[in-house]
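Numbering (the working numbering), first residue to last: 163 to 560.
Virtual Cβ for every residue (Gly too), placed ideally from N, Cα, C.
A quick note: this is a predicted structure, and the numbers were derived from the prediction, not measured.
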Amino acid sequence: MVLRNRIILSMKKDKNTKKIKVAFPHMGTISICWAAALKKLGIEPFIPAYTSKKTLSFGTKNSPEAICLPYKLILGNFIEAIEGGTDYVAMITSPGICRLGEYGKSIKNVLKDLGYDANYIELNLYDGFKGMYRFLTDLTGTKNPIPIIRAINIAVRKVFAIDELDKFLSYHRAREYNIGDSEKAYKKALKMVDEANTTRELKKALKAGLKEISNIKINKNKEVLKVDLTGEIYIVNDEFSNQNIERELGKMGVQVRRSLTISGFLKDAIIPKMFKKGETHLERAFRMAKPYLMRDIGGDALECISDVMYAEEKGTDGLIHVSPFTCMPEIMSQNIFPKMREDVNIPILSLIMDEQTGKAGYITRLEAFVDLMRRKKMRNKLQNQNAASENKEKAGVN
């Protein structure tokens with residue numbers, strides 16, 4: 163409580179001279195959403211350059227060797243943000259079994275040891291709406307709930323809008339005539355969403371963004387493969403971490419569906435139950451992961467196991483599991499997959515990511531997996547045709 167009061171007093175002091183700058187770590191396009199919330203409250207979002215090899219080198223140099231890739235990238239983001247002039251760095255944390263709950267303390271100590279003069283604050287998303295509300299209240303020092311609620315509302319709505327754009331992009335990218343056209347349109351759509359300041363403007367921006375992508379020429383009759391992407395949520399949603407896996411698969415004529423999305427996470431952790439529609443990802447995970455995994459073991463392991471069963475149920479052509487090296491919950495998932503392969507007919511590819519992952523070998527594995535799925539789909543199609551012919555012959559004899 164003393165630390166919290168000290169932060170608030172420090173921020174109030176800063177507000178008399180300038181707007182305080184707050185930076186979050188990158189994870190895909192999430193900066194568009196949290197920046198919108200901060201702007202609503204008169205706080206200047208500090209968005210450092212997107213994660214790069216330079217970011218990774220900063221993080222790797224100052225991290226324990228066996229720590230996972232997201233930790234190194236988050237630390238690198240913070241170092242770049244502080245050197246760029248931010249006043250505060252904000253870390254998302256959790257009380258769960260995953261090591262994420264310990265990242266905050268470790269990163270805070272590393273920044274202090276490196277001599278960086280910046281305030282460190284934490285946001286516990288697993289406290290739900292109350293946690294986010296308390297975080298923004300502490301950040302601004304305001305006791306008026308109306309602007310806080312408006313800030314949360316615009317941020318959450320932008321998360322859902324961007325996830326909708328991502329799904330639309332995946333459909334078009336797998337079918338486009340000219341590689342890259344859909345992504346160019348998508349970036350324009352993202353800019354529209356980013357510039358929207360109200361819910362009304364956001365609705366117009368989303369509609370215009372979807373239209374921008376839909377104007378791209380595609381082959382609607384193209385035979386595409388459909389793949390579900392699951393794994394550790396940071397790696398799944400961050401294109402630098404997963405080496406643009408969705409773009410690479412799109413070039414190969416594969417439509418990708420992310421099983422783990424930010425909007426899905428918000429439905430489980432932030433949005434009150436009364437506003438939820440249908441079964442959430444976590445609820446489905448507890449239902450479908452049985453009998454392979456009976457309880458939550460941390461991270462996204464439970465969701466990953468259930469995603470295999472869900473993909474099998476939907477008739478998806480394959481599933482790709484991406485995870486950071488040394489991530490214990492995902493290691494557990496990977497060790498359960500062999501048993502699941504005895505009961506499901508869906509190809510599964512596990513990819514482990516760290517700073518040593520080479521692009522060439524990574525692409526080769528994706529190409530081989532796509533070829534496997536394509537041959538399997540063709541074989542199933544022929545078997546179905548032969549079965550249909552046999553049934554017709556039997557019917558004719560009768």
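DSSP state of residue i mapped onto helix, strand, coil
i: N383; result: coil
i: E326; result: helix
i: M414; result: coil
i: E555; result: helix
i: T392; result: strand
i: N456; result: Residue identity differs from the one stated: residue 456 is Met in this sequence, not Asn. Coil at M456, not helix or strand.
i: N399; result: helix
i: R166; result: Low local confidence applies: a pLDDT of 47 at R166 is under 50, so the model's placement there is unreliable, with the coordinate-based value given in what follows. Three-state result, R166: helix.
i: A243; result: helix
i: H334; result: helix
i: S172; result: Confidence at S172 is low in this model, with a pLDDT of 48, below 50, so the placement of that residue should be treated as unreliable; the coordinate-derived value is given next. Helix, per DSSP.
i: R537; result: helix
i: I209; result: coil
Distance between residue j and residue i (C-alpha atoms, nearest Å)
i: K174; j: P207; result: Any reading at K174 must be qualified, since the residue scores a pLDDT of 47, below 50, and its modelled position is unreliable; the value itself is stated next. Their Cα atoms are separated by approximately 17 angstroms.
i: A347; j: Q545; result: 40 angstroms
i: Y454; j: Y472; result: 14 angstroms
i: R449; j: D430; result: 15 angstroms
i: G277; j: N271; result: 10 angstroms
i: I310; j: Q518; result: 42 angstroms
i: T191; j: L368; result: 15 angstroms
i: C466; j: M515; result: 16 angstroms
i: E474; j: A522; result: 30 angstroms
i: Y233; j: I194; result: 21 angstroms
i: N548; j: M456; result: 40 angstroms
i: G290; j: I433; result: 7 angstroms
i: S219; j: S551; result: 60 angstroms
i: R527; j: D533; result: 10 angstroms
i: T304; j: R296; result: 10 angstroms
i: I493; j: A336; result: 30 angstroms
i: G393; j: K554; result: 44 angstroms
i: K435; j: H188; result: 28 angstroms
i: I482; j: M253; result: 28 angstroms
i: S268; j: N286; result: 16 angstroms
i: S332; j: V418; result: 6 angstroms
i: L165; j: I244; result: The predicted position of L165 is uncertain, since its pLDDT is 42 and thus under 50; no value can be drawn from it.
Start-to-end residues for the alpha helix (DSSP H) that takes in residue i
i: H443; result: 443 to 450
i: V272; result: 262 to 275
i: V506; result: Element bounds for V506: n/a, residue is neither H nor E.
i: M515; result: That residue, M515, is in no alpha helix (DSSP H); its beta strand (DSSP E) goes 510 to 515.
i: G293; result: 290 to 302
i: S124; result: Not covered by the structure: residue 124. The range shown for the chain is 163 to 560.
i: G371; result: 361 to 376
i: Y278; result: It is not in any alpha helix (DSSP H) - Y278 carries neither H nor E in the DSSP assignment.
i: E465; result: 463 to 476
i: M147; result: The chain is shown only over 163 to 560; residue 147 falls outside these bounds and no answer can be derived.
i: C195; result: 193 to 202
i: A228; result: Where A228 is concerned, there is no enclosing alpha helix (DSSP H), given that its DSSP letter is neither H nor E.
i: M354; result: 343 to 357
CB of residue i within 8 angstroms of CB of residue j, strictly
i: A313; j: L203; result: yes
i: G221; j: G247; result: no
i: N404; j: I395; result: no
i: P509; j: G477; result: no
i: D469; j: S512; result: no
i: I209; j: A197; result: yes
i: K256; j: Y282; result: First, the residue type needs correcting, since residue 256 is Ser and not Lys in the sequence shown. It is not a contact, given that the beta carbons lie outside the stated cut-off.
i: T213; j: F402; result: yes
i: G266; j: E284; result: yes
i: I324; j: S344; result: no
i: V321; j: L391; result: no
i: T488; j: C230; result: yes
i: L387; j: K215; result: no
i: K413; j: I316; result: no
Delimiting residues of the beta strand (DSSP E) encompassing residue i
i: V251; result: 250 to 255
i: E284; result: 281 to 286
i: I424; result: Counting along the chain, I424 falls outside any beta strand (DSSP E), though it belongs to the alpha helix (DSSP H) covering 424 to 431.
i: G480; result: 480 to 486
i: A185; result: 183 to 185
8 angstroms contact criterion, which residue i and residue j should meet: CB distance rounded
i: S428; j: V318; result: Note on identity: in this sequence residue 428 is Leu, with Ser being the wrong assignment. Rounded, the Cβ-Cβ distance is 6 angstroms, consistent with contact.
i: N399; j: I424; result: 6 angstroms
i: L327; j: L352; result: 7 angstroms
i: Y250; j: A280; result: 7 angstroms
i: I459; j: P491; result: 6 angstroms
i: I236; j: L301; result: No, I236 and L301 are not in contact; Cβ-Cβ is about 19 angstroms, not under 8 angstroms.
Closer than 8 angstroms to chain B by CB, residue i
i: L237; result: You won't find chain B in this structure, because it holds only one protein chain.
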